[in-house]
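Trainee:
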Amino acid sequence: MSVITYPDTVSATYERLKERLADVVPDVELRMKAETAVEVNRLKKEKNAIILGHNYMEPALFHSVPDYTGDSLYLARVSAKAQADIIVFCGVRFMAETAKTLNPTRKVLLPSAKGGCSLAESINGADVRALKKLYPGVVTVTYINCYAEVKAECDYVCTSGNAEAVVKHLLKEEHRKIIFLPDEYLAANTARETGMTIVYPERDAATGELRPAKEPPGAALVMIGWRGRCEVHDKFTPQDITNARKQFPDVTVLAHPECSPEVVALADYAGSTTQMIKYVENMKSGRYLLLTECSMGDNIASKNPQREMIRLCSVRCPHMNEITLEDTLASLKNEQYVIEVDEGIRKRSIQALDRMLAIG
Ligand code: 13P
Ligand code: SF4
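With our numbering as the guide, the letters of the sequence shown map in order to residues 6 to 365.
1. Tell whether a beta-carbon distance below 8 angstroms holds between P187 and I128.
2. By Cβ distance, which residues of its chain are closer than 8 angstroms to E189, with the 5 residues on each side in sequence left out?
3. Looking at the strands, I want to know which residues DSSP matches up with L260.
4. Could you check if M201 is buried or exposed, using at least 16 other CB atoms within 10 Å of its CB as the buried criterion?
5. Could you spell out the range, first to last residue, of the alpha helix (DSSP H) harbouring V133?
6. Just to confirm the assignment, what range does the alpha helix (DSSP H) spanning Y190 have?
7. Taking 7 angstroms as the cut-off, is the beta-carbon of L271 closer than that to any non-hydrogen atom of ligand 2?
8. Using a Cβ-based criterion (distance less than 7 angstroms to any ligand heavy atom), does T74 qualify as near ligand 1?
9. Hey, how far is the Cα of D13 from the Cα of M6?
10. Going by alpha carbons, who is nearest to K38 out of K50, A54 and E20?
11. For A104, which residues from the same chain have a beta carbon less than 6 angstroms from its beta carbon, with the 5 sequence-adjacent residues on both sides left out?
12. Tell me, which residues are paired with C163 by DSSP?
13. Nearest to V143 by alpha carbon, out of I184, Q280 and N339?
14. So, at 6 angstroms on beta carbons, what are the nonlocal neighbours of Q311 in its own chain, with the 5 sequence-adjacent residues on each side left out?
15. Report the partner residues of H59 according to the DSSP bridge assignment.
16. Could you tell me whether the region 113–123 touches the region 309–327, where touching means 3 or more Cβ pairs closer than 8 angstroms?
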């Protein structure tokens with residue numbers, strides 16, 4: 006876990022931002038961003054704070070203030086070990102909540118009052134309890150993109166970076182049926198990779214009650230999914246890939262596993278945001294289509310000028326985009342918005358997180 010360092014003068018910060026972002030952010034804005042970044046980094050020292058920045062953060066923020074940048078898994082690991090008095094989480098609410106769960110004695114701040122996520126909002130604790138009633142004794146895994154009350158009801162957490170490893174771990178432990186929540190597509194993609202059959206319980210239209218899914222006869226390994234979707238990755242279609250390949254026959258297509266199984270099947274590689282970044286960085290050159298939040302393409306492009314990044318920039322995450330460098334400054338200055346997790350829920354959800362972290 007290596008900490009990122011920044012210059013402490015406005016001119017040096019401006020030069021650094023210009024070197025990385027001249028093609029992405031107008032010069033006049035870069036100068037203002039440099040001033041804000043220097044103030045954020047000064048306050049960080051004064052208040053003994055650290056900033057964690059998800060890979061989807063806007064380029065100026067991403068390149069000027071986070072002590073650590075990465076995907077959900079990496080940032081969860083960093084937050085668990087953080088010694089600072091304050092952790093500012095530049096990401097969405099469920100990520101900040103995870104940091105508070107793993108490191109409850111620190112003050113955790115989210116620079117946005119909302120910071121939602123369509124996956125996290127697709128399920129609640131009562132839904133998981135209803136599923137467990139339908140499938141008594143079946144092991145439960147939840148994608149980290151959910152709130153603490155959902156994690157508290159589950160046995161394991163996973164991220165897009167280790168979903169396959171977590172499921173393989175459970176199969177090794179002789180589980181033949183696994184409840185995997187709440188992302189319909191991540192579940193389907195993971196089921197395919199691990200040789201499981203995916204089914205989805207549906208709600209009775211009249212009563213609203215959950216009904217167990219019909220399982221294909223003879224299916225040895227069954228995954229029970231949920232119909233949550235990422236509103237961003239759901240927008241990518243197989244046609245997007247076909248169109249890109251027609252225009253750029255040499256393009257390498259990378260997809261986040263929150264994309265539909267049809268999209269993932271056509272892509273050259275699927276992985277978490279950091280796994281996609283590493284894939285591109287390990288190549289010396291080339292042209293890449295990233296099927297994920299658009300800011301990440303800018304963040305990779307600025308560090309890897311010899312790679313050409315094609316991205317579909319009508320697809321933005323409205324929740325991640327709520328957080329700007331200016332909000333981060335306000336967050337540190339006013340110590341807002343403080344993330345709290347009910348202690349009973351925290352104690353139960355940390356077990357599921359710890360089991361994931363132990364898998365590696
Ligand atoms: P990663 O863990 O891959 O960074 O994904 C988080 C996320 O919200 C993707 O939409
Ligand atoms: Fe949630 Fe999708 Fe945004 Fe990620 S990109 S935070 S999964 S809505």
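We put the CB at the ideal spot given by N, CA and C, even for glycine.
Just so it is clear, the structure is predicted and the values come from calculations on it, not from any experiment.
Mentor: If we stick to the structure as given:
1. Yes; because the gap between Cβ atoms is below 8 angstroms, this pair is in contact.
2. Y205, G230, W231, R232, G233 and R234
3. According to the sequence provided, residue 260 is Ala. The question's Leu does not apply to it. Its beta-bridge partners are A275 and L296.
4. buried
5. Bounds of the alpha helix (DSSP H) holding V133 are G130 to L139.
6. E189 to T199
7. Because no heavy atom of ligand 2 lies under 7 angstroms away, the Cβ of L271 does not count as near it: no.
8. Incorrect: T74 has no Cβ contact closer than 7 angstroms to ligand 1.
9. 22 angstroms
10. E20
11. S84, I92, F94 and V113
12. Y148
13. I184
14. S290
15. G75, per the DSSP bridge assignment.
16. yes
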